[in-house]
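What follows is a single structure, written as structure tokens, with notes after it.
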Amino acid sequence: GQQVMQIPQYQHVQEGEDFTTYCNSSTTLSNIQWYKQRPGGHPVFLIQLVKSGEVKKQKRLTFQFGEAKKNSSLHITATQTTDVGTYFCAGLITQGGSEKLVFGKGTKLTVNP
Amino acid sequence: DTGVSQDPRHKITKRGQNVTFRCDPISEHNRLYWYRQTLGQGPEFLTYFQNEAQLEKSRLLSDRFSAERPKGSFSTLEIQRTEQGDSAMYLCASSLVRMNTEAFFGQGTRLTVV
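Taken in order, these protein sequences are the chains called A and B. In this text, residue positions in the first sequence follow my numbering: the first is 99, and each later residue adds one. In this text, residue positions in the second sequence follow my numbering: the first is 62, and each later residue adds one.
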């Protein structure tokens, strides 16, 4: 079943408002990665978090990795129309000698200008 | 290097036919993933390879699906006796085995089963 859960599924904001998407895993993750997919496109890597409690920033985007390495969040400050797309978290799960990248279902962000 | 390439970009097939997709990863990448994505959903893990070894296959994947990576470079995904429920975007991604590195996706192959 789905090992990486992501909420909300949809988020509609006015331009300038903030946006947050949350990701939770049923298992401890080796790392968490975030991707953005524009309509008609493929997922594009944004960032990777490795350490427990890690926080990284990319301009208006802030990424956090939980202390237990089971949850993560992406926060966008003052959204712009160029932020529209679907944001996916992807956890690197190591189990029984296998290591696979499992995606959440994504949060689709729309921004009203 | 032009990144991950997938062929074909689109495939329309009749129910019951077999189809095969190809993925060429970034040349130095030794890990290769196959995902399936339907509208409004995230990429669903199908299988992955490390070099030529297939290390895991999703339990959700029926026996009609098979993947190969014979020389540790390109990979093929075959679907036998296609069903309408197989209609989806099939994405390939590659990365390095080295820990903590991102996956680079191809443009995908969109399969429509009629």
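All residues carry an ideal CB built from backbone N, CA and C; glycine is no exception.
Straight-line gap, residue i to residue j (C-alpha atoms, nearest Å)
i, j, result
"F186/A", "F201/A", "7 Å"
"F163/A", "T99/B", "28 Å"
"F126/B", "R142/B", "9 Å"
"N169/A", "G101/B", "22 Å"
"S148/B", "T170/B", "10 Å"
"E152/A", "F110/B", "29 Å"
"Q67/A", "V182/A", "This structure does not reach residue 67/A, given that chain A is present from 99 up to 211, and the question cannot be answered."
"W95/B", "L147/A", "23 Å"
"A70/B", "G103/B", "As written in the sequence, residue 70/B is Arg, which differs from the Ala given in the question. About 19 Å."
"T137/B", "T119/A", "34 Å"
"Q78/B", "G167/B", "24 Å"
"E113/B", "P211/A", "48 Å"
Limits of the unbroken beta strand (DSSP E) element including residue i
i, result
"H215/A", "Nothing can be reported for residue 215/A: it is not among the residues displayed for chain A, which extend from 99 to 211."
"V175/B", "Where V175/B is concerned, there is no enclosing beta strand (DSSP E), given that its DSSP letter is neither H nor E."
"S20/B", "The structure shown does not extend to residue 20/B, since chain B spans only 62 to 175, so no value can be given for it."
"R76/B", "Careful: R76/B lies outside any beta strand (DSSP E) and carries neither H nor E."
"K198/A", "196-201"
"Q104/A", "102-105"
"N91/B", "Element bounds for N91/B: n/a, residue is neither H nor E."
Other residues of its chain near residue i: CB distance less than 8 Å, five sequence neighbours each side excluded
i, result
"L157/B", "E89, H90, N91, R92"
"E163/B", "S156"
"R76/B", "T143, E144, Q145, V174, V175"
Cβ shell of residue i (< 6 Å), same chain only, five flanking positions each side left out
i, result
"I73/B", "T173"
"P86/B", "V65, L93, S155"
Residues near residue i in its chain [Cβ-Cβ closer than 7 Å; skip 5 each side]
i, result
"R158/A", "I174, T175, A176"
"K154/A", "I145, L147, F161"
Please specify which runs of the beta strand (DSSP E), each continuous and at least 3 residues long, are wholly inside the stretch 95-164 of chain B, giving them in chain order.
-> 105-111, 114-118, 126-129, 136-140, 149-156
Quick one: which unbroken beta strand (DSSP E) runs of 3-plus residues sit fully inside the stretch 117-189 of chain A? Chain order, please.
-> Restricting attention to beta strand (DSSP E) runs no shorter than 3 residues, the stretch 117-189 of chain A encloses them at 117-123, 129-135, 142-147, 153-156, 159-163, 169-174, ordered along the chain.
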